[in-house]
Amino acid sequence: MTRLSLAPAMLVPLLLIAAEPAEQARPYRADKAGPSRADKRLKADVLRGMQRYVAAAYRCPRLRAVQAASLPARFRRGSPVYRRGGHWELWSANVCGRRRSFAVAMWPGRRGGVDFTIEPREKPRR
21 MTRLSLAPAM LVPLLLIAAE PAEQARPYRA DKAGPSRADK RLKADVLRGM
71 QRYVAAAYRC PRLRAVQAAS LPARFRRGSP VYRRGGHWEL WSANVCGRRR
121 SFAVAMWPGR RGGVDFTIEP REKPRR
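The sequence shown lines up with residues 21 to 146 when you count with our numbering.
This is the structure in structure tokens:
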């Protein structure tokens, strides 16, 4: 009788493992994101945000060949990002065979750390 009560309990973890999607997006390594003023942790956060966007907008599970570069201070002149002591960067990635770019703003957070926003440079077609 004990054997029967344990059998369903042993199947639950196996069913949970089998229920996971076969193709999960592996995060792009933050240290490979190219030159950026962001530290490794912030790069990882930005990449995670970009990955969520491309998965939803383009149904692409993975970012490849990510590059980042600082944009000149004249980019979006008058932006509140500059008044907050921040800057803009242009991040681009290969998304399912096509180069996509994102404007990324970073500024010091009011409670410490760094706040950021990610804006796609082009809208996906529906």
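In this text, a Cβ means the ideal position worked out from N, Cα and C, and glycines have one as well.
Quick test of your reading: Ala88 and Trp108, contact by CB under 8 Å. State the CB separation rounded to the nearest angstrom. At roughly 11 Å, the Cβ-Cβ gap does not stay under 8 Å, so Ala88 and Trp108 are not in contact.
Please report how far the alpha carbon of Gly133 lies from the alpha carbon of Leu62, in whole angstroms. 9 Å
Alpha helix (DSSP H) segments (min. 4 residues) lying fully within the segment 56 to 118: 60 to 77 and 100 to 103
Are the segment 75 to 84 and the segment 112 to 120 touching, with three or more C-beta to C-beta distances below 8 Å? yes
Quick check: Val86 and Ala125, are their CB atoms within less than 8 Å of each other? no
DSSP beta-bridge partners for Glu142? DSSP output for Glu142 lists no bridge partner at all.
Leaving aside the five residues before and after Ala76 along the sequence, list all residues of the same chain whose C-beta is less than 6 Å from its C-beta, in chain order. none
Residues near Gly69 in its chain [Cβ-Cβ closer than 7 Å; skip 5 each side]: Ile138
Beta-ladder partner(s) of Arg120, from DSSP: Ala113
Around the C-beta of Arg72, are 16 or more other C-beta atoms found within 10 angstroms, so that it is buried, or is it exposed? exposed
Report the option in Arg104, Val74, Arg131 and Ser56 whose CA atom is closest to the CA atom of Arg216. No answer is possible for residue 216: the residues shown for the chain start at 21 and end at 146.
Among residues of its own chain, excluding the 5 on either side of Ser99, which ones have a beta-carbon nearer than 8 Å to its beta-carbon? Trp108 and Ala125
Take the Cβ of Gly129 as the centre, count every other Cβ of all protein chains shown within 10 Å, and call the residue buried at 16 or more, exposed below. exposed
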